[in-house]
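Chemist: Residue numbers for the sequence shown follow my numbering, beginning at 233 and rising by one. Think of the CB as a built atom: it goes at the ideal place given N, C-alpha and C, for glycine as much as any other residue. Since the model is a prediction, treat every value here as computed from it, not as a measurement.
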Amino acid sequence: EGYRALLSRASLGEHVSVFAEIALKDQRRAVVQRFEQRMAATPEVVACYVISGRYDYLVRIACRDLAHYHALINAWFDDLTLGIEKIVTNTELQTIKEFSGFPLAVGAA
């Protein structure tokens with residue numbers, strides 16, 4: 233699926249990395265599509281996953297600082313068409329291992 237360049241996050245300057253668990257009020261297709269389109273179009277969203285459990289999405293967000301993150305999620309809450317019920321914020325304190333690609337299945341039959 234193409235090539236990617238991996239850059240050190242430290243080389244990109246100071247930032248805050250946040251994992252946001254998001255629950256939607258409404259599961260209608262139009263609302264879900266609108267929400268997913270907004271996530272895909274938001275540069276600060278570096279990953280977005282549909283998950284099982286108490287929340288509907290796990291979203292990884294990279295912002296300049298917490299004020300930037302706060303403004304971003306307030307804009308999402310203000311947009312009632314996104315149908316967001318709740319956001320739980322988990323701030324990254326330290327990265328132990330960063331995703332660098334899926335392992336190749338060596339010797340698999």
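Within the same chain, show all residues whose beta-carbon is closer than 8 Å to that of ALA272, passing over the 5 residues directly before and after it, in chain order.
Modeler: As a first step, residue 272 is located in the sequence shown; it is residue number 40 there, counting from the start. Contacts found: CYS280.
Chemist: Under the three-state reduction of DSSP, which class applies to PHE251: helix, strand or coil?
Modeler: The residue labelled residue 251 in the question sits at position 19 within the sequence shown. In this structure, PHE251 counts as strand in the three-state DSSP scheme.
Chemist: Spatial neighbours of ARG270 within its chain, please: CB distance less than 8 Å, with the 5 preceding and 5 following residues excluded, ordered by chain position.
Modeler: Mapped onto the sequence shown, residue 270 falls at position 38. TRP308, ASP311, LEU314.
Chemist: Can you tell me where the alpha helix (DSSP H) holding LEU298 begins and where it ends?
Modeler: Mapped onto the sequence shown, residue 298 falls at position 66. Taken as a continuous stretch (DSSP letters only), the alpha helix (DSSP H) holding LEU298 covers 298-310.
Chemist: How would you write the range of the beta strand (DSSP E) that GLU220 sits in, first residue to last?
Modeler: Only positions 233 to 341 of the chain appear in this structure, which leaves residue 220 out of reach.
Chemist: Helix, strand or coil for ARG292 per DSSP?
Modeler: The count along the sequence shown starts at 1 and reaches residue 292 at position 60. ARG292 falls in the strand class under three-state DSSP.
Chemist: Could you check where the beta strand (DSSP E) with ALA279 kicks off and where it finishes?
Modeler: Position 47 of the sequence shown, counted from the start, is the residue given in the question as residue 279. 277-282 is the extent of the beta strand (DSSP E) around ALA279.
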